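Numbering (this note's numbering), first residue to last: 1414 to 1680.
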């Protein structure tokens, strides 16, 4: 689970993140002192499920921040945190998931988590989180970047993700990565080394089952990936809003066409 937290007072922010961590030990928590920094993070990274926002902040208050976050991800669970009660009406107009009065405690956090407006479906069988929008990157479920010993190995995995579970022959992969170069014995041997290195990197982080490997062909196991591109194709509103006009930006062969999908521009 990925959680956003914002409070411009250092001690209050520390108390908030400590309470969240006590309630959700396995969660990824991204905390910010400035609403603008949180907003920038939310617009450039995979969607989070919950945001704990202090209402009374300088520059941009929590209600204003929540409105902007809802534009990015309408299904984000907003939980307001404050020492004041005059904002309750504004919070309810935004259909917030909850409202916590300071001081924040583990028990208060747990009470709000039990009543989320948009319940979170756990994905316990996911092996990798994959980011396609912007630069291509791969993470373990706890947010640790996956290290590929060869950059080309990461590119092979990117191509397999791009193919969305379709089986790809070694020759097809070579054609995508090396375009006009001849598919001779030398290149075949090089591609095999790259694939071997890719599988080694995936195995090292416990994600070897993310790829189906058969004789002369490979494909990704889409059920083992949490991928923004796949969620976009399913018209997930958070993924649609997180698209920033870049798709696997570091790879020239990545060709992403909006016209291939019918989606509501109001998402």
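Here a beta-carbon is modelled for each residue, glycine too, at the ideal position from N, C-alpha and C. Treat the numbers as computed from the prediction; the structure is a model and nothing was measured.
- Taking a contact to require three or more Cβ pairs closer than 8 Å, the region 1421–1435 and the region 1514–1529 qualify as touching.
- Here residue 1656 has 1546 and 1645 as same chain residues with Cβ atoms under 7 Å from its own Cβ, once five neighbours each way along the sequence are excluded.
- For residue 1514, the enclosing beta strand (DSSP E) covers residues 1511–1514.
- Given a length threshold of 3 residues, each whole run of the beta strand (DSSP E) inside the region 1436–1503 is given here in chain order: 1441–1445, 1463–1467 and 1490–1495.
- With a contact defined as Cβ atoms closer than 8 Å, residue 1523 and residue 1490 miss out at about 14 Å.
- For residue 1454, the number of other beta carbons within 10 angstroms of its own is below 16, and it is reported as exposed.
- In the three-state DSSP reduction, residue 1639 falls in the strand class (E or B).
- Here the alpha carbon of residue 1511 sits roughly 13 Å from the alpha carbon of residue 1476.
- Between residue 1568 and residue 1598, the gap from beta carbon to beta carbon reaches 8 Å or more.
- In this structure the region 1570–1578 touches the region 1627–1634; the number of beta carbon pairs closer than 8 Å is three or more.
- Sequence-distant partners of residue 1604 (beyond 5 residues in either direction) whose C-beta falls short of 7 Å from its own C-beta, in its chain, are 1583, 1586 and 1587.
- Scanning its chain for C-beta atoms nearer than 6 Å, with the 5 sequence neighbours on each side dropped, one finds around residue 1440 the residues 1414 and 1416, in chain order.
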